[in-house]
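S.K.: Residue numbers (full-length UniProt numbering): 1 to 239.
Ideal Cβ placement from N, Cα and C applies to all residues, glycine included.
Since the model is a prediction, treat every value here as computed from it, not as a measurement.
Quick one: structure below, then a few questions.
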Amino acid sequence: MAKAKGGARRKTTGRRSKAPRTSKRAWPWLALTVLTAGGLYAYEHRTDWLPQTPSQIVVFKKEAEQRKETSPEKTASISRKTVVEERALPQASRAGTKTQKDVAAIPVPQERKLDEPLAGEGYKAHFAYCGTTGLKNCVVDGATFWHRGMKIRLAGIDAPGMHQAGCDDERRRGFAAAVKLKEFLNAGPFDLAPAGGEDGEGKDDKFRILTRGGKSLADELLSLGLARPKSGARAKPWC
C-alpha cells in the first residue's frame, strides 16, 4: 500500500512538471507579438514623438492631403456629379435649340422709309425753327416746314415773308404766322392729306393740307389775316 501511494505521488509529480515547460515555450512568442504590435504602433505615430525636419513635415503633409483627396467619399461624390451633368446636358442643348428657333420665327417690323410721301394721320414730332436745328423737324415760315427730312408747304395759301419782307408789317405778320404753325405742330398728333396737283411746283416740295380733328391750319391763318388765298397770278405784295 505504501508503494502504491508512493507511485501515485510520483506520477502526479511527473504530470505537474510538464506545465512549466509549456509556459516557458509560449513566452518568446508572446514577447515577439507584443514587440511587433508596439513597433507598428510606434511607426504609425512616429510623427507625434520623433523630432521632424522641415522636409519631413512637408512630406507628411503631402501624404495626408493625398489620402484626403483620394478618399472614397470624395471619389463617389465626383462620380455622381459627373453622371448628373451628363444626363442634364442633352436636355439643355435641346432647350437651347428650341429657343433659337423661336427667336428666328419672330417677325421683324419693317421701318417706314423717310423718303416716301408724307400723307396720313397721327404724325407727331417736336418742331423748332429752322436754323437752330437740322432740316428734320423745323419751321421755315408761316406756310413751310420740314418733317422727317422732307419739305412740306401748306396747300392753297401764301404766307407773309420774314427774312425778305418788303416792310415791317409783312415781317410782323410773317413771324406771327410762323409762331402759329409751330404751335399747331407741337400741340399733338396732326394729319397730312395730299393737295391734288400742287406737287411738282418745287422739286423737293410736298404740298399738304394740315389738319387736326378736321380743322385746317390754313383756314385759321386766313381768318387771322396771316395768310392769303393762293392764286395763279403773281402774288400781290403785302406792303
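Given a cut-off of 8 Å on the beta-carbon distance, is the pair Leu210 and Leu217 in contact?
M.R.: The residue labelled residue 210 in the question sits at position 210 within the sequence shown. The residue labelled residue 217 in the question sits at position 217 within the sequence shown. Their beta carbons are under 8 Å apart, which means Leu210 touches Leu217 by this criterion.
S.K.: Would you identify the three-state DSSP class for Leu154, choosing helix, strand or coil?
M.R.: Along the sequence shown, read from residue 1 onward, the residue named residue 154 stands at position 154. Strand.
S.K.: In whole angstroms, what is the alpha-carbon distance linking Lys230 and Asp158?
M.R.: The residue given as residue 230 occupies position 230 in the sequence shown. The residue given as residue 158 occupies position 158 in the sequence shown. Near 5 Å, if we compare the C-alpha coordinates of Asp158 and Lys230.
S.K.: Spatial neighbours of Gly156 within its chain, please: C-beta separation below 6 Å, excluding the five flanking residues on both sides.
M.R.: The residue given as residue 156 occupies position 156 in the sequence shown. Closer than 6 Å at the Cβ level, and outside the excluded window around Gly156, lie Ala218 and Lys230.
S.K.: Can the beta-carbon of Gly149 be found closer than 8 Å to that of Gly161?
M.R.: The count along the sequence shown starts at 1 and reaches residue 149 at position 149. The count along the sequence shown starts at 1 and reaches residue 161 at position 161. Cβ distance not < 8 Å, so Gly149 and Gly161 don't count as in contact.
S.K.: Between Asp169 and the rest of its own chain, which residues show a CB-CB distance below 8 Å, the 5 nearest in sequence each way excluded?
M.R.: Position 169 of the sequence shown, counted from the start, is the residue given in the question as residue 169. Excluding residues within five positions, the ones whose Cβ falls inside 8 Å are Trp238 and Cys239.
S.K.: Per DSSP, Cys138 is paired with what?
M.R.: Along the sequence shown, one-based indexing puts residue 138 at 138. Looking at the DSSP assignment, Cys138 forms a beta bridge with Ala128 and Trp146.
S.K.: Would you list the residues sitting across from Thr211 in a DSSP beta bridge?
M.R.: If you number the sequence shown from 1, residue 211 lands on position 211. DSSP, once it has assigned bridges, lists Asp191 and Ser216 as partnering Thr211.
S.K.: Assuming Arg208 and Ala119 make a contact with CB atoms under 8 Å, what is their CB distance in whole Å?
M.R.: Here residue 208 corresponds to residue number 208 of the sequence shown, with the count starting at 1. Here residue 119 corresponds to residue number 119 of the sequence shown, with the count starting at 1. Their Cβ separation, rounded to whole angstroms, is 7 Å, which keeps Arg208 and Ala119 in contact under 8 Å.
S.K.: Grab me the residues of residue 307's own chain with a C-beta within less than 7 Å of its C-beta, minus the 5 sequence neighbours each way, in chain order.
M.R.: Look at the range of the chain in this structure, 1 to 239, and you will see that residue 307 is not part of it.
S.K.: Assuming the contact rule is C-beta atoms closer than 8 Å, Lys180 and Gly213 should be a hit. Round their C-beta distance to whole Å, please.
M.R.: Locating residue 180 in the sequence shown gives position 180, counting from the first residue. Locating residue 213 in the sequence shown gives position 213, counting from the first residue. That pair is no contact at about 16 Å.
S.K.: Could you tell me which of Glu183, Gly225 and Leu32 sits nearest to Cys138, measuring between CA atoms?
M.R.: Indexing the sequence shown from 1 puts residue 138 at position 138. Cys138 has its Cα closest to that of Glu183, out of Glu183, Gly225 and Leu32.
S.K.: Please state whether DSSP places Lys206 in a helix, a strand or coil.
M.R.: As a working mapping, residue 206 is identified with position 206 in the sequence shown. DSSP places Lys206 in strand when its eight states are reduced to three.
S.K.: To which residues of the same chain is Ala176 closer than 6 Å at the C-beta, ignoring the five residues directly before and after it?
M.R.: By 1-based counting over the sequence shown, the position of residue 176 is 176. Cβ within range, chain order: Leu226.
S.K.: What are the boundary residues of the beta strand (DSSP E) that Gly174 is part of?
M.R.: Locating residue 174 in the sequence shown gives position 174, where the first residue counts as 1. Taken as a continuous stretch (DSSP letters only), Gly174 belongs to no beta strand (DSSP E), being part of the alpha helix (DSSP H) at Asp168 to Asn186.
S.K.: Could you name the residues that DSSP lists as bridge partners for Gly120?
M.R.: Along the sequence shown, read from residue 1 onward, the residue named residue 120 stands at position 120. Paired residue(s): Leu192.
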